[in-house]
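See below for the structure under consideration.
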Amino acid sequence: MFEEDKVSHLMKGVNESLFQVLLTRDVQTSGDLTRWCLYIEEMKQKRLRSCKFERLPNVVPLTANDEVTNLMSLIRQVVREEMQHVFSQPLNIKQLELQSIEAIIKDEVDRSLATITSQPITATQQFLSSAQRLILKTPRDQ
Numbered sequence: 094m095f096e097e098d099k100v101s102h103l104m105k106g107v108n109e110s111l112f113q114v115l116l117t118r119d120v121q122t123s124g125d126l127t128r129w130c131l132y133i134e135e136m137k138q139k140r141l142r143s144c145k146f147e148r149l150p151n152v153v154p155l156t157a158n159d160e161v162t163n164l165m166s167l168i169r170q171v172v173r174e175e176m177q178h179v180f181s182q183p184l185n186i187k188q189l190e191l192q193s194i195e196a197i198i199k200d201e202v203d204r205s206l207a208t209i210t211s212q213p214i215t216a217t218q219q220f221l222s223s224a225q226r227l228i229l230k231t232p233r234d235q
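Numbered as in the numbering used here, the sequence shown ends at 235 without a single skipped number.
Laid out in structure tokens, this is it:
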């Protein structure tokens, strides 16, 4: 096997970052390729050792918290807890309050529909809807 064929065959198994570095070098023989690979590996090891960072004693690594891996998970968890808290409590809405809420919603829907259809609400209609709300709020049936 010719030396050029050996080099091209060896280059097929080299990872991408090493391949990019070796493209800029003059690699003619398999010995040159081996020397450059060893040199680059040695430089990587020196670089990695020199960048060692001592963790401060009061800092907890983020990976130590398995339950919440990122902000989105935290938000989802908090919302779920709040929704469970809200829905676990029984709703104590009295019938009169419910009717009053229904009247308010009906009034708002009527107003919205009136603006869409360009039919203005007359003063009489406003008075009647307000009076109906007051009637519903008075405790006559108690």
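Backbone N, C-alpha and C define an ideal beta-carbon position, used for all residues, glycine too.
Separation of residue j from residue i, as counted between CA atoms
i    : j    : result
E147 : L111 : 29 angstroms
I194 : P150 : 57 angstroms
D125 : L131 : 10 angstroms
V120 : V100 : 8 angstroms
D98  : M104 : 10 angstroms
V179 : N163 : 25 angstroms
Q250 : Q170 : The structure shown has nothing for residue 250, since the chain only spans 94 to 235.
A207 : I198 : 14 angstroms
Q182 : E175 : 11 angstroms
D203 : R173 : 35 angstroms
M136 : H102 : 24 angstroms
L167 : R140 : 36 angstroms
Buried or exposed by the 16-neighbour rule on C-beta atoms within 10 Å, applied to residue i
i    : result
L115 : buried
Start-to-end residues for the alpha helix (DSSP H) that takes in residue i
i    : result
Q170 : 164-181
M104 : 96-105
E109 : 109-116
Cβ separation of residue i and residue j, assumed to be a contact under 8 angstroms, to the nearest whole Å
i   : j    : result
E96 : T117 : About 20 angstroms; that fails the 8 angstroms criterion.
Residue i Cβ short of 7 angstroms to the ligand MN heavy atom set
i    : result
V202 : Of the ligands one can find in the structure shown there are none, so the ligand MN has no counterpart to examine.
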